[in-house]
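Heads up, the thing below is written out as structure tokens.
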Amino acid sequence: MIQRLPYFFVYNIYSIMHRRTKHEDGTFHINGHKYNELHGSRVKVMNGTALETNGGLRKSDLKYNKAGRIVSALKSKSAKKEKRLEKAGYFTQKGKFGFVKKDVKTRKNRTRKH
757 MIQRLPYFFV YNIYSIMHRR TKHEDGTFHI NGHKYNELHG SRVKVMNGTA
807 LETNGGLRKS DLKYNKAGRI VSALKSKSAK KEKRLEKAGY FTQKGKFGFV
857 KKDVKTRKNR TRKH
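So for the sequence shown, this note's numbering puts the first residue at 757; every next one is plus one.
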């Protein structure tokens, strides 16, 4: 008693699991875009030459940071919220350029009298 799967279920598995193949012109056609490579560097992904990086990041997942480097958008956003410099005691002050180091208050060790 072999049970047959409905046709639409088999078709959905095929559409998810099939291997992407090159078109006649030698490029990959995916969602109306043409890509020379499926996987490439971050620069290739940003230029539109490759679909995604080896880690699976697509163009929508990447951004240029202040220094002009291509970084992960989510990682950059979470790093801004982290405020590592402020936790280390580096703050900015109105009217001054650069940072102002504030002392992090530490608890003084008390000597116990016997």
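Even for Gly, the Cβ is constructed at its ideal location relative to N, Cα and C. Bear in mind the structure is a predicted one, so any value in this text is a computation, not a measurement.
- When only Cα atoms are considered, S832 and R825 end up about 11 angstroms apart.
- Across the set N821, A806, K822 and A823, the C-alpha of A806 shows the shortest separation from the C-alpha of K815.
- Restricted to the stretch 807-842, the beta strand (DSSP E) segments that are unbroken, complete and at least 3 residues in length are 818-820 and 826-828, listed in chain order.
- K790 sits in a strand when the DSSP states are folded into three classes.
- F847 and K858 do touch by the CB rule: their CB atoms are close to 5 angstroms apart, below 8 angstroms.
- DSSP places R798 inside the alpha helix (DSSP H), whose first and last residues are R798 to N803.
- Comparing C-alpha distances from L830 to each of N803, F784, L818 and D781 shows the shortest one belongs to L818.
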